[in-house]
Amino acid sequence: AGLICSKPREIALVESATIAWQKAFYGLAATFAPGDRILTSQVEYGANFVGFLQACKRNRCEVGIIPSLPCGTVDVAALRGMIDPAVKLLAITHIPTNGTLVNPATEIGAIAEEHGVLFLLDACQSVGQFELDVTELKCHMLSATGRKYLRAPRGTGFLYVDHDAMSAGRLGEP
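All residue numbers for the sequence shown refer to the working numbering, where the first residue is 16 and numbers rise by one.
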């Protein structure tokens, strides 16, 4: 919890970042309704995108791809133009596995907060490599692994879930 500036009650230890992400997303996906939209980046992990497609098939919601800048990061101005009342979730990978791309998570979080949209950040490659503060990132959920930059063994990961968002009933059941 101290690593990402959260409270201990907001952390669940799990087997991997994938399991953490799935617990967050699938708990929330059950609340999607027809016409709801999920926005994600062009560099989203394939496994995460499979989750989006399953939710769309099951709940008749939609997934939108946020355009990228020439450098590959999310185009924050384009994202701002895509926000409307149908957008229920921004789900972004902070740092994709290959390359040096770092998505502007803080700016994305500010947009999510401004519009009351939930923000799920896949921080598998950034926890331990960068200082992360969930209060600055304004993310409601963050998934991470222990085995990469934290140097923990395989089979370790954690999920952060914002207690206030959970208490307010904004998140589904994991």
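Glycine included, C-beta positions come from ideal geometry on N, C-alpha and C.
Of the residues Gly-143, Phe-47, Leu-186 and Leu-84, which one's Cα is nearest the Cα of Gly-17?
The candidate whose alpha carbon is nearest that of Gly-17 is Gly-143.
Practice problem: Kindly indicate which three-state DSSP category Tyr-96 falls into: helix, strand or coil? | Solution: In the sequence under discussion, the amino acid at residue 96 is Gly, which differs from the Tyr named in the question. Looking at Gly-96 - three-state DSSP - the assignment turns out to be helix.
**Message:** Pairs of beta-carbons, one from the region 84-99 and one from the region 119-132, closer than 8 Å: are there three or more?
**Reply:** yes
Requested in this report: May I ask you to list the residues that DSSP assigns as paired with Ile-107?
Outcome: Leu-136
Considering only the beta carbon of each residue, do Lys-103 and Phe-47 sit closer than 9 Å? yes
Measuring CA to CA, which of Glu-59, Phe-67 and Thr-171 is closest to Ser-83? Among Glu-59, Phe-67 and Thr-171, the Cα nearest to that of Ser-83 is on Glu-59.
Sequence-distant residues of the same chain with beta carbon closer than 6 Å to His-8, five excluded per side = What is shown of the chain runs 16 to 189, which leaves residue 8 out entirely.
Alpha-carbon to alpha-carbon, Phe-173 and Ala-35
Taken atom to atom, the span from the alpha-carbon of Ala-35 to that of Phe-173 is near 6 Å.
Item to complete: Please classify Ala-159: does DSSP put it in a helix, a strand, or coil?
Response: strand
Which residue wins for smallest C-alpha separation from His-178, given the options Phe-67, Glu-25 and Cys-20? Glu-25
Discussion item. Which residue marks the beginning of the alpha helix (DSSP H) containing Glu-77, and which one marks its end?
Written reply: Taken as a continuous stretch (DSSP letters only), Glu-77 belongs to no alpha helix (DSSP H), being part of the beta strand (DSSP E) at 77-81.
Answer yes or no: do Arg-52 and Ala-101 have a C-beta to C-beta separation smaller than 9 Å?
yes
On a CA-only basis, which of Gly-96, Ala-62, Leu-105 and Arg-95 is nearest Val-78? Give me that one, please. Selected option, being the one with the closest Cα: Leu-105.
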